[in-house]
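Input: a single structure, listed below in structure tokens.
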Amino acid sequence: METVRRVISVVVLNEAQVLARVSGLFAGRGYNIETLTVAPIPETDLSHMTIVTRGNQRVIEQITKQLHKLIPTLKVIEHSEMVEKEMVLVKFPIEEKLSDIQTLCAAYNGGIVNVGENMVIAMAADEPMRIKHFITATKRYNPIEIVRSGVVAMER
Amino acid sequence: MKISGAQMIIEAIIAEGVTKVFGYPGGAIMNVYDEIYKQNDFEHILTRHEQAAVHAADGYARASGDVGVAMVTSGPGFTNAVTGLATAYTDSVPLVVISGQVPLSLIGTDGFQEVDAVGISRACTKHNYLVHDIADLPRILKEAFYIARSGRPGPVLVDVPKDITGEIAEFVYPADVHLPTYKPNYKGNERQIKKAAEAILKAKKPLLYLGGGVVLSNATEVVRRLAEISQMPAVETLMARGVMGADNPLLLGMLGMHGNYASNMAMSETDLVISLGARFDDRVTGKLSEFAKYADVIHVDIDPANIAKLVDVDYPIVGDIKIVVEKLIGHLEARIKPERYHVWRDILKRYDELHPLTYHDSDEVIKPQWVIERIGEKVGADAVITSDVGQHQMWAAQFYPFDRPRQWINSGGLGTMGYGFPAAIGAQVACPDKHVINITGDGSILMNVQELVTAAENKLPVINVILNNHFLGMVRQWQTFFYDKRYAETDLSYQPNWKLLAEACGGAGYDVTTKAEFDAALDAALEGGKVTFINVAVDRLENVLPMVPAGGALYNMLLEHKES
Ligand SMILES: Cc1ncc(C[n+]2csc(CCOP(=O)(O)OP(=O)(O)O)c2C)c(N)n1
Ligand SMILES: [Mg+2]
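One line per chain: the protein sequences are A and B, in this order.
100 is the number that the numbering used here gives to position 100 of the first sequence; each next residue is one higher, with no gaps.
Count along the second sequence from 1, then add 156; that gives the number in the numbering used here.
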């Protein structure tokens, strides 16, 4: 069976252990996690997790079923029609061409967000694929550090 | 009412109708034990090891159908219980295990006897809780019992810090649970059930594939009825022995690695598998690509994750076996023509005649299979049979005439040596009027042998029949077949004195080398009313056959019993 990439949203009770239950499930059953993000859903006692994973169709089906089986899981959505976004922070030496960096970031819904004595921090927020391109493009400005947020997604 | 956390635990146990608790005290759970001392509503049975406490609660649950309850202290008390949790989890046994924990203020400090119980048990419990606030305790206890027994049953751990058991707070035991994220589906999808019924009507070679779920859902009667009205043949997994009843002409036997020829051939040739509460374990299926190769599959299971996990399913039905099978019968009753499967049954009958389940009996040495048959002749339907893990377990499953569900109790999924004796203790507590016999091996029995003391103290007349081959026999069998007879660390020639061992702990012991001695010993044990070891010297090199080598196709069985 062919391996596919899937974005899965899991809505869980925001309680102790819940992240461990989810990540432990992936570790224990040998499922792959590419990215995992989690944050509370405003004005509820729930959290939203977005997981990017890979596997064949049977594995993906098992992942969604096993996630659902966890007692604190309210909802599991295997995304098909979705908006996907990821954010990245990149730190550059102050000596680099700041205007070029600014322009590059702007093309990816970002900009320079902090300027320090020796470095600047820039941000971009875009589709995961475009974030990859952005990171490649930053290479020529000698990035010191790159931090990606992982993917969040919403069904259209 | 304001009471302590420890009292809340007692109140919850009483409110849930629990009458027996198995456990072992220690520092972190002493507040609870102090309250156990003060009450008379349930009996606490002190095992001599925490693993045994959980297995005993498990045996109690399997024999009675009720939730089993065990109690252990923090740290090593809890880690000793882990094998018990994992055993129950794999076989979907409803348990509530309460563990003590270090006080909240010490959690995370590597305190004395601190271990991350919820972390360790996450993968071997249906759910677990670490209580952070006494205000949550009544709700958590209520949920624990509900989760353990509902849906696909399983063990639930409640880890309670010591300061919480000592704290006083308002207690109202909730009347209901409110768990919006947990809603087991019992009913089954009507349309799918109808489609499945149509598939049965169209099939030429349907086969009922019965698993432990039939026992768990108390569906034996309806399943027998489905077989009866349709005259479809049935095979049972290790966990379903007793569902059809040994004398049922529609029962082909047990399938799988040590299944009989007719059962495995039926699965290989069927055109419609009707899987009821079975989960396509690798010990059942053998090589997956060859398993039920020509069949469509109806899969009824309460756990959606079991469905289509290993094989493609044409008619998935998530629901309780009993409810779904009742509905299936409703669709089939008026329309099914039992003559339809006549040819199919004849073929299978022929297979069974070709290679019946059998062994070569002997007068020189006791054959282990003979012992099982003999016990069956003597006590049959009156006994509850538990077992450990190994050859003896397979012989028990093959040769005992199981007549009803919950008569056969074994660690099928995890294969836990040391399970049988404490499980028998639990079963004896649940069924005081029945004979409880643990069919065990000379390896397995030593893994919880200290329970002799528990059984003797509590006057639980569990009979342990040790099929003594002076080997870790099942491993030895694999070494014979697949490792050129290199018997690495499986020779158990060095043995304890079994009779004296049993007697030293307050039980009775018999060493048996002939059939006549066995008969006498069993009679004495059945009469004696004491925990007993019957140490039966059996043929050392007897193999469990038929055998499907691991990963092989079900239809490729090693069949012959050669004279050893
Ligand atoms: C706790 C545990 N350890 C190891 C095993 C592996 N194992 C499976 S069967 C077996 C041999 C059991 O020997 P015995 O109890 O004498 O039974 P026999 O096969 O000889 O009937 C072993 C070691 C196991 N199932 N469980
Ligand atoms: Mg042995």
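Quick reminder that beta carbons are idealized off the backbone N, C-alpha and C, glycines included.
Worksheet item: Along the chain, which unbroken stretches of the alpha helix (DSSP H) at least 4 residues long are found entirely within the stretch 437 to 516 of chain B?
Response: 438 to 441, 477 to 488, 498 to 510
Fill in: CA nearest to the CA of I565(B), picked from H288(B), E199(B), E346(B), L394(B)
In the second sequence, residue 565(B) corresponds to position 409, counting from 1. Answer by Cα proximity: L394(B).
Worksheet item: If we count Cβ pairs, one from each stretch, closer than 8 Å, do we get three or more for the stretch 574 to 582 of chain B versus the stretch 532 to 546 of chain B?
Response: yes
Worksheet item: Would you say F627(B) touches ligand 2, meaning its beta carbon is less than 6 Å from a heavy atom?
Response: Position 471 of the second sequence holds residue 627(B). Checking every heavy atom of ligand 2 against the Cβ of F627(B), one is found closer than 6 Å.
Discussion item. I need the straight-line Cα distance from H740(B) to D559(B), nearest angstrom please.
Written reply: Residue numbering for chain B in the displayed model covers 157 to 720; residue 740(B) lies beyond these limits and cannot be assessed.
Worksheet entry | Spatial distance of V252(B) from Y329(B) (CA atoms) | Locating residue 252(B) in the second sequence gives position 96, where the first residue counts as 1. Locating residue 329(B) in the second sequence gives position 173, where the first residue counts as 1. The alpha-carbon atoms of V252(B) and Y329(B) are separated by roughly 16 Å.
Fill in: Sheet register partners of S543(B) (DSSP bridge)
Position 387 of the second sequence, counting from 1, holds the residue named residue 543(B). Answer by DSSP bridge pairing, in chain order: I595(B).
Item to complete: Using a Cβ-Cβ cut-off of 7 Å, state whether H283(B) counts as contacting chain A.
Response: Indexing the second sequence from 1 puts residue 283(B) at position 127. So yes, H283(B) belongs to the interface.
Worksheet item: Mapping DSSP to helix, strand and coil, what is G161(B)?
Response: Counting from one through the second sequence, the residue named residue 161(B) turns up at place 5. G161(B) falls in the helix class under three-state DSSP.
Worksheet entry | Best match in G183(B), I290(B), H200(B) for proximity to V177(B) [C-alpha to C-alpha] | Start at 1 with the first residue of the second sequence, and residue 177(B) comes out as number 21. The option with the nearest alpha carbon to V177(B) is H200(B).
Worksheet item: What number of angstroms, rounded off, separates the C-alpha of D452(B) from the C-alpha of W654(B)?
Response: Counting from 1 along the second sequence, the entry for residue 452(B) is found at position 296. Counting from 1 along the second sequence, the entry for residue 654(B) is found at position 498. Looking at the two C-alpha atoms, the distance is approximately 51 Å.
Worksheet item: Taking 7 Å as the CB-CB limit, is L98(A) close to chain B?
Response: Position 98 of the first sequence, counting from 1, holds the residue named residue 98(A). No, its Cβ sits nowhere closer than 7 Å to a Cβ of chain B.
Item to complete: Take the Cβ of H516(B) as the centre, count every other Cβ of all protein chains shown within 10 Å, and call the residue buried at 16 or more, exposed below.
Response: The residue you call residue 516(B) lines up with position 360 of the second sequence. So H516(B) counts as exposed.
Discussion item. Using a Cβ-Cβ distance cut-off of 7 Å, determine whether R305(B) contacts chain A.
Written reply: As a first step, residue 305(B) is located in the second sequence; it is residue number 149 there, counting from the start. Not one chain A Cβ lies under 7 Å of R305(B).
Worksheet item: What number of angstroms, rounded off, separates the C-alpha of S720(B) from the C-alpha of Y507(B)?
Response: As a first step, residue 720(B) must be located in the second sequence, where it is residue number 564. As a first step, residue 507(B) must be located in the second sequence, where it is residue number 351. At S720(B) the pLDDT is 42, less than 50, meaning the model places this residue with poor confidence; the figure from the coordinates comes in the next sentence. Rounded to the nearest angstrom, the two C-alpha atoms are 26 Å apart.
Item to complete: List in chain order: all unbroken alpha helix (DSSP H) runs of 4+ residues lying wholly within the stretch 81 to 130 of chain A.
Response: 98 to 106
Discussion item. Let me check understanding here. Comparing Cα to Cα, which of M421(B), E392(B), G415(B) lies closest to L407(B)?
Written reply: Position 251 of the second sequence, counted from the start, is the residue given in the question as residue 407(B). Nearest of M421(B), E392(B), G415(B) to L407(B), Cα basis: E392(B).
Discussion item. Quick check: I454(B) and I430(B), are their CB atoms within less than 7 Å of each other?
Written reply: What you label residue 454(B) is simply residue 298 of the second sequence in a count that begins at 1. What you label residue 430(B) is simply residue 274 of the second sequence in a count that begins at 1. It is a contact, given that the beta carbons lie within the stated cut-off.
Item to complete: Along the alpha helix (DSSP H) that carries P232(B), what are the first and last residues, could you check?
Response: Locating residue 232(B) in the second sequence gives position 76, where the first residue counts as 1. Start and end: 232 to 246.
Discussion item. Taking contact to mean 3 or more Cβ pairs, one atom from each stretch, closer than 8 Å, check whether the stretch 550 to 558 of chain B and the stretch 524 to 534 of chain B are in contact.
Written reply: yes
Practice prompt. Report the rounded CA-to-CA distance for V188(B) versus V225(B), giving the unit in angstroms.
Written response: Working through the second sequence from its first residue, we reach residue 188(B) at position 32. Working through the second sequence from its first residue, we reach residue 225(B) at position 69. Computed Cα separation, rounded: 14 Å.
Discussion item. My parser needs the beta strand (DSSP E) runs of 3 or more residues fully inside the stretch 186 to 233 of chain B; what are they?
Written reply: 199 to 202, 224 to 228
Worksheet item: Which residues, in chain order, does the stretch 10 to 32 of chain A contribute to contact with chain B at a C-beta distance below 7 Å?
Response: L13, A16, Q17, A20, R21, G24, G28
Worksheet item: Under 7 Å between C-beta atoms, does S720(B) make it to chain A?
Response: Looking up residue 720(B) in the second sequence gives position 564. Reliability of the predicted coordinates at S720(B) is poor, the pLDDT of 42 falling under 50, and no value is obtained from them.
Worksheet item: Taking the alpha helix (DSSP H) that Y417(B) falls in, what are its first and last residues?
Response: Counted from its first residue, the second sequence places residue 417(B) at position 261. Element bounds for Y417(B): 417 to 425.
Worksheet entry | G708(B): first and last residue of the uninterrupted beta strand (DSSP E) it sits in | Counting from 1 along the second sequence, the entry for residue 708(B) is found at position 552. Per DSSP, G708(B) belongs to no beta strand (DSSP E) and is neither H nor E.
Discussion item. Any contact between the stretch 275 to 291 of chain B and the stretch 234 to 253 of chain B? By contact I mean 3 or more CB pairs, one from each, below 8 Å.
Written reply: yes
Worksheet item: By DSSP, does Y365(B) sit in helix, in strand, or in coil?
Response: The residue given as residue 365(B) occupies position 209 in the second sequence. Looking at Y365(B) - three-state DSSP - the assignment turns out to be strand.
Discussion item. Counting only beta-carbon separations shorter than 7 Å, does A279(B) have a partner in chain A?
Written reply: On the second sequence, position 123 is the one that residue 279(B) refers to. It does; some Cβ of chain A falls within 7 Å.
Item to complete: Note down the Cα distance separating Q651(B) from E698(B), rounded to an integer number of angstroms.
Response: Position 495 of the second sequence, counted from the start, is the residue given in the question as residue 651(B). Position 542 of the second sequence, counted from the start, is the residue given in the question as residue 698(B). Those two C-alpha atoms are separated by around 19 Å.
Item to complete: Confirm, please, whether the CB-CB distance from N594(B) to V694(B) is below 7 Å.
Response: By one-based count along the second sequence, residue 694(B) stands at place 538. By one-based count along the second sequence, residue 594(B) stands at place 438. No; because the gap between Cβ atoms is not below 7 Å, this pair is not in contact.
Discussion item. Please list, in chain order, the residues of the stretch 51 to 79 of chain A that have any C-beta partner in chain B closer than 8 Å.
Written reply: R58, E61, Q62, K65, Q66, H68, K69, I71, P72, T73, L74
Discussion item. Rounding to the nearest angstrom, what Cα-Cα distance links L313(B) and M164(B) in this structure?
Written reply: Taking the first residue of the second sequence as 1, we reach residue 313(B) at position 157. Taking the first residue of the second sequence as 1, we reach residue 164(B) at position 8. Going from the Cα of L313(B) to the Cα of M164(B) covers about 16 Å.
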